[in-house]
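Protein chains: 2
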Amino acid sequence: MAKPLDPSRLEPRKSPAQARSAATVGVILEAAARILEERGFEAYTTNEIARRAGVGVGSLYQYFPRKEAITRALIQRETAILLNEIADLGAEPSGRAGLRRLIQAAVMHQLRRPALARLLDFEERRLPLDADVANVSDTICSILEDLLGRPDLPAQSDPATVARDLLALTKGMVDSAGERGETAMESLERRVGRAVFGYLQMQLDEIAQAASFFKK
Amino acid sequence: MAKPLDPSRLEPRKSPAQARSAATVGVILEAAARILEERGFEAYTTNEIARRAGVGVGSLYQYFPRKEAITRALIQRETAILLNEIADLGAEPSGRAGLRRLIQAAVMHQLRRPALARLLDFEERRLPLDADVANVSDTICSILEDLLGRPDLPAQSDPATVARDLLALTKGMVDSAGERGETAMESLERRVGRAVFGYLQMQLDEIAQAASFFKK
DNA sequence: CTAGAATGTGAGCAATCGCTCACATCCGAT
DNA sequence: ATCGGATGTGAGCGATTGCTCACATTCTAG
Numbered sequence: 000m001a002k003p004l005d006p007s008r009l010e011p012r013k014s015p016a017q018a019r020s021a022a023t024v025g026v027i028l029e030a031a032a033r034i035l036e037e038r039g040f041e042a043y044t045t046n047e048i049a050r051r052a053g054v055g056v057g058s059l060y061q062y063f064p065r066k067e068a069i070t071r072a073l074i075q076r077e078t079a080i081l082l083n084e085i086a087d088l089g090a091e092p093s094g095r096a097g098l099r100r101l102i103q104a105a106v107m108h109q110l111r112r113p114a115l116a117r118l119l120d121f122e123e124r125r126l127p128l129d130a131d132v133a134n135v136s137d138t139i140c141s142i143l144e145d146l147l148g149r150p151d152l153p154a155q156s157d158p159a160t161v162a163r164d165l166l167a168l169t170k171g172m173v174d175s176a177g178e179r180g181e182t183a184m185e186s187l188e189r190r191v192g193r194a195v196f197g198y199l200q201m202q203l204d205e206i207a208q209a210a211s212f213f214k215k
Numbered sequence: 000m001a002k003p004l005d006p007s008r009l010e011p012r013k014s015p016a017q018a019r020s021a022a023t024v025g026v027i028l029e030a031a032a033r034i035l036e037e038r039g040f041e042a043y044t045t046n047e048i049a050r051r052a053g054v055g056v057g058s059l060y061q062y063f064p065r066k067e068a069i070t071r072a073l074i075q076r077e078t079a080i081l082l083n084e085i086a087d088l089g090a091e092p093s094g095r096a097g098l099r100r101l102i103q104a105a106v107m108h109q110l111r112r113p114a115l116a117r118l119l120d121f122e123e124r125r126l127p128l129d130a131d132v133a134n135v136s137d138t139i140c141s142i143l144e145d146l147l148g149r150p151d152l153p154a155q156s157d158p159a160t161v162a163r164d165l166l167a168l169t170k171g172m173v174d175s176a177g178e179r180g181e182t183a184m185e186s187l188e189r190r191v192g193r194a195v196f197g198y199l200q201m202q203l204d205e206i207a208q209a210a211s212f213f214k215k
């Protein structure tokens with residue numbers, strides 16, 4: 000007996016068996032991405048995506064059972080690049096070097112397609128998260144938490160909170176820079192580094208630390 | 000002859016002349032706010048807002064010429080509180096104290112109604128901005144830039160960029176905290192302070208600074 | 001070559017949206 | 001009390017949306 004079709008599935012209805020269909024899927028996803036970053040959610044409709052991709056709506060719905068599935072696929076596609084770059088960061092012995100690489104990856108990720116990254120990030124929170132694919136933020140946080148334990152970084156009393164703070168702070172800065180059209184990666188990397196390492200350093204009595212500005 | 004009605008106006012069609020109508024406007028705005036923070040943009044429709052407010056759609060359209068006008072009014076209502084609290088910050092002689100007050104105001108603003116603040120902030124960027132009402136971010140940035148010039152803070156080579164970075168970084172952290180359901184204002188304030196003052200301090204050679212962790 | 005599976009199409013359905021308008025009700029000035 | 005403006009109502013219009021389905025086209029196995 001055939002496995003009954005679960006109408007709530009988000010996976011493609013058919014896995015592309017011929018090269019032709021795989022290309023179609025790619026074209027659809029890229030069309031969706033361009034619409035999203037050029038005209039935002041307002042123009043992000045299934046009909047418009049199909050039109051821009053140069054395919055019929057029917058083709059679209061052969062590979063994506065619902066509009067939401069396209070968005071999910073987009074999120075996965077964009078996220079995979081980032082996750083791949085930071086996957087081996089757990090093996091990094093130096094906390095500082097690891098943090099730098101993490102920052103660089105975050106900056107690259109956001110500055111590559113700023114508008115797209117921002118909108119997908121927004122949608123990611125709204126969509127019911129898949130149980131199988133863990134949240135990207137959580138993954139990064141655990142890597143971060145790991146790096147914070149390295150001996151070359153000041154010990155943190157609440158690493159989990161620090162990790163979330165650093166991630167949030169980086170996201171905010173990188174997002175803002177991308178929105179303003181910044182393209183200079185090194186400058187942004189340096190500034191994010193200032194905030195991140197500044198946060199890590201500034202854990203003693205802040206007032207005493209601040210007073211030391213004068214004495215130097 | 001009567002002034003011709005500009006159909007693109009966003010102001011109320013009628014200014015409430017009786018107490019009754021002023022109340023209606025309030026009820027509509029609060030209904031819109033609650034729908035937004037409880038069910039997001041998906042349920043944010045004019046029909047639903049009117050239903051929840053307990054009024055007819057017609058009443059809604061007597062005071063708001065288009066749906067967008069409701070959102071704008073919401074943004075103004077929520078923003079006014081924040082702007083009012085930081086308006087006198089330019090007179091603050093101490094940069095540190097000013098920054099602290101600014102951080103506190105930002106934390107309060109976001110933690111009061113986290114989901115609402117987040118969604119309105121998102122919409123604010125999408126909506127064509129009124130020429131008369133300047134962007135909130137720009138206002139805060141100029142205040143920030145002003146504070147950065149105070150003698151008790153380390154001089155910054157590019158105050159405008161620093162101001163934007165601090166704002167973005169704060170927004171990111173406060174946003175994330177609000178989304179996670181944090182309610183402890185002092186803790187969040189302290190952590191944002193760490194990032195902000197850490198960023199300001201960390202402007203010399205970062206590596207040298209970091210090395211000093213060990214020597215202490 | 002050919003049959004059947006894989007792939008592609010787009011008119012159009014049901015639902016929903018923002019918004020209008022003809023009309024009812026309420027209130028304050030006289 | 002009465003009249004006119006201010007306020008409130010909701011059925012429903014035109015447009016748009018996500019999505020289906022009957023059908024056409026293309027590819028591959030035998």
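Chains A and B supply the protein sequences, listed in that same order.
Numbering that gives the first Met the number 0 puts the first residue of the first sequence at 0, with every later residue one more than the last.
Numbering that gives the first Met the number 0 puts the first residue of the second sequence at 0, with every later residue one more than the last.
No residue lacks a Cβ here, since even glycine has one placed at the ideal position from N, Cα and C.
Chain A places a beta carbon closer than 8 Å to that of LYS170 (chain B), counting this residue as a contact. For THR78 (chain B), same chain residues with a beta-carbon under 7 Å away, outside a window of 5 residues either side, are VAL135 in chain order.
Cβ-Cβ distances below 7 Å link ALA162 (chain B) to CYS140, LEU143, GLU144, LEU147 in the same chain, with the five nearest sequence neighbours on each side left out; the list follows chain order. For GLN202 (chain A), the chain B residues whose Cβ falls inside 8 Å of its Cβ are ARG193, in order along the chain.
Counting C-beta pairs with one atom in each stretch, the stretch 104-114 of chain A and the stretch 168-182 of chain A have three or more that are closer than 8 Å, which means they touch. Close to ARG163 (chain A), with beta-carbon spacing below 7 Å, are these residues of chain B in chain order: SER175. Taking 8 Å as the CB threshold, ALA32 (chain B) stays off the interface with chain A.
Remark: three or more beta-carbon pairs, one from each stretch, lie closer than 8 Å, so the stretch 90-106 of chain A and the stretch 185-198 of chain A are flagged as touching.
DSSP places ARG179 (chain B) in the coil class of the three-state scheme, outside both helix and strand.
Rounded to the nearest whole angstrom, the C-alpha separation of GLY94 (chain B) and ARG100 (chain B) is 10 Å.
Exposure of ILE80 (chain A) is indicated by the presence of fewer than 16 other C-beta atoms within 10 angstroms of its C-beta. Using a Cβ-Cβ cut-off of 8 Å, ALA167 (chain A) is close to GLY171, MET172, ASP174, SER175, ALA176 of chain B, given in chain order. Not a single CB atom of chain A sits nearer than 8 Å to the CB of TYR43 (chain B). The beta carbon of ALA194 (chain B) is closer than 8 Å to those of LEU168, THR169, MET172 in its chain, skipping five residues each way along the sequence. For the stretch 116-127 of chain A, residues whose beta-carbon sits nearer than 8 Å to a beta-carbon of chain B comprise PHE121, ARG124, ARG125. Judged by beta-carbon spacing, PHE196 (chain B) lies within the 8 Å limit of MET201 (chain A), meaning their Cβ atoms are closer than that value.
Closest in alpha carbon position to SER20 (chain B), among B:GLU41, B:ARG50, B:GLU29, B:TYR62, is B:TYR62. In the displayed model, LEU128 (chain A) falls within coil according to three-state DSSP, outside both helix and strand.
One finds ARG193, ALA194, GLY197 in chain B with Cβ atoms closer than 7 Å to the Cβ of TYR198 (chain A), taken in chain order.
With 16 or more other Cβ atoms inside 10 Å of its own Cβ, THR23 (chain A) counts as buried. A Cβ of chain B is located within less than 8 Å of the beta carbon of ARG190 (chain A). Taking the CA atoms as reference points, GLY53 (chain B) sits about 30 Å from ARG124 (chain B). With respect to chain B, the C-beta atom of GLY25 (chain A) has no partner C-beta closer than 8 Å. DSSP places GLY94 (chain A) within a helical segment (H, G or I) once states are collapsed to three. The alpha-carbon of ILE48 (chain A) is positioned some 28 Å away from that of GLU47 (chain B).
TYR198 (chain B) carries a helical assignment under DSSP once its states are collapsed to helix, strand and coil. For the options B:LEU165, B:ALA86, B:THR70, the alpha carbon positioned closest to that of GLY39 (chain B) is the one of B:THR70.
The beta carbons of ILE85 (chain B) and GLY192 (chain B) sit no closer together than 8 Å.
Distance between SER175 (chain A) and ASP164 (chain B), taken at the CA atoms: about 8 Å. At a beta-carbon threshold of 8 Å, the residues of chain B lying near GLY39 (chain A) are ARG125, ordered along the chain.
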